[in-house]
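See below for the structure under consideration.
Numbering (the working numbering), first residue to last: 109 to 408.
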């Protein structure tokens with residue numbers, strides 16, 4: 109159920125008018141867009157780039173946004189409507205791409221790509237770039253947030269909770285101000301079981317093992333393993349279709365006595381509905397929650 113919702117969303121995105129991916133840098137005089145900035149120069153990979161969307165306000169908080177797509181699809185250029193809407197509220201946004209996994213289940217199959225932990229290593233590299241370039245682009249280095257949708261929700265939570273990836277790029281312990289996972293999964297074993305129950309073992313192996321490798325990797329790729337490391341505010345947002353992953357995370361949080369973590373359910377929304385609401389609706393309660401969380405936690 110979760111995966112096919114993602115695929116339907118991606119098909120919708122790929123059919124958007126080209127206008128959405130070719131907007132000029134002067135869409136608004138108050139918003140500046142700087143595209144295709146390399147956040148990692150170790151390769152010439154197109155996925156090692158991000159787009160910056162900057163509001164008029166100086167020293168704005170910044171949100172690093174990670175796209176979804178079942179860890180095997182998607183790109184930063186499709187997420188720009190969301191970034192523009194946050195910039196209108198005074199929040200700078202860095203929209204990153206990251207290297208993608210193989211996908212045997214696609215038609216035609218996608219047989220090249222990377223596996224965990226390479227996605228999250230790219231996230232850490234992008235966050236390090238955002239941290240290091242704050243003064244150059246005029247946002248506040250002390251007010252940096254991370255968020256993402258679906259696969260990006262998982263990656264944002266993993267970055268916030270498994271400190272080994274920020275340590276690997278020499279980020280200070282206090283570099284992250286807050287985290288907002290949206291419609292992500294938090295326990296990869298639980299995710300595999302849900303996919304297997306819905307679509308069978310063959311699909312589960314092709315999809316989940318294709319992304320995370322052998323079963324022995326699942327625990328280390330699960331944000332819920334690192335609850336004791338979570339030392340920044342977190343807001344979890346989920347659609348109705350993926351609420352089972354948020355429910356599982358809620359149980360893990362309760363077992364760790366972490367009642368401070370809010371989970372906001374949009375049960376009437378499908379996976380597609382919530383994504384489209386965040387990106388395209390003029391008025392979005394879920395997007396407002398993200399804005400309010402960032403602004404509240406940016407107060408001095």
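Built from N, CA and C at the ideal position, the CB exists for glycine as well.
When you compare each of the options to residue i by their alpha carbons, which one comes out closest?
{"i": "residue 187", "options": "402, 388 and 369", "result": "388"}
{"i": "residue 270", "options": "170, 166, 396 and 229", "result": "229"}
{"i": "residue 381", "options": "334, 291 and 154", "result": "291"}
{"i": "residue 227", "options": "201, 385, 178 and 194", "result": "178"}
{"i": "residue 244", "options": "167, 369 and 273", "result": "167"}
{"i": "residue 348", "options": "371, 334 and 361", "result": "371"}
{"i": "residue 412", "options": "305, 352 and 343", "result": "The question about residue 412 has no answer, for the chain in this structure spans 109 to 408."}
Residue i lies in the alpha helix (DSSP H); which residues open and close that run?
{"i": "residue 234", "result": "226–240"}
{"i": "residue 304", "result": "296–307"}
{"i": "residue 272", "result": "272–276"}
Who does residue i pair with in a DSSP beta bridge?
{"i": "residue 157", "result": "146"}
Quick check on the DSSP output: the beta strand (DSSP E) that includes residue i runs from which residue to which?
{"i": "residue 139", "result": "Per DSSP, residue 139 belongs to no beta strand (DSSP E) and is neither H nor E."}
{"i": "residue 189", "result": "Premise fails: residue 189 lies in the alpha helix (DSSP H), 188–195, not in any beta strand (DSSP E)."}
{"i": "residue 253", "result": "247–257"}
{"i": "residue 398", "result": "Taken as a continuous stretch (DSSP letters only), residue 398 belongs to no beta strand (DSSP E), being part of the alpha helix (DSSP H) at 393–404."}
{"i": "residue 170", "result": "168–174"}
Measure the CB-CB distance between residue i and residue j and report whether it falls below 8 Å.
{"i": "residue 223", "j": "residue 319", "result": "yes"}
{"i": "residue 147", "j": "residue 204", "result": "yes"}
{"i": "residue 221", "j": "residue 180", "result": "yes"}
{"i": "residue 286", "j": "residue 176", "result": "no"}
{"i": "residue 405", "j": "residue 341", "result": "yes"}
{"i": "residue 211", "j": "residue 252", "result": "no"}
Under a three-way DSSP split, which group does residue i fall into?
{"i": "residue 359", "result": "helix"}
{"i": "residue 310", "result": "helix"}
{"i": "residue 203", "result": "strand"}
{"i": "residue 222", "result": "coil"}
{"i": "residue 198", "result": "coil"}
{"i": "residue 162", "result": "strand"}
{"i": "residue 133", "result": "In this prediction, residue 133 has a pLDDT of 41, which is less than 50 and means its spatial position is unreliable; what the coordinates show is noted afterwards. Residue state, collapsed to three classes: coil."}
{"i": "residue 407", "result": "coil"}
{"i": "residue 286", "result": "strand"}
{"i": "residue 343", "result": "strand"}
{"i": "residue 330", "result": "coil"}
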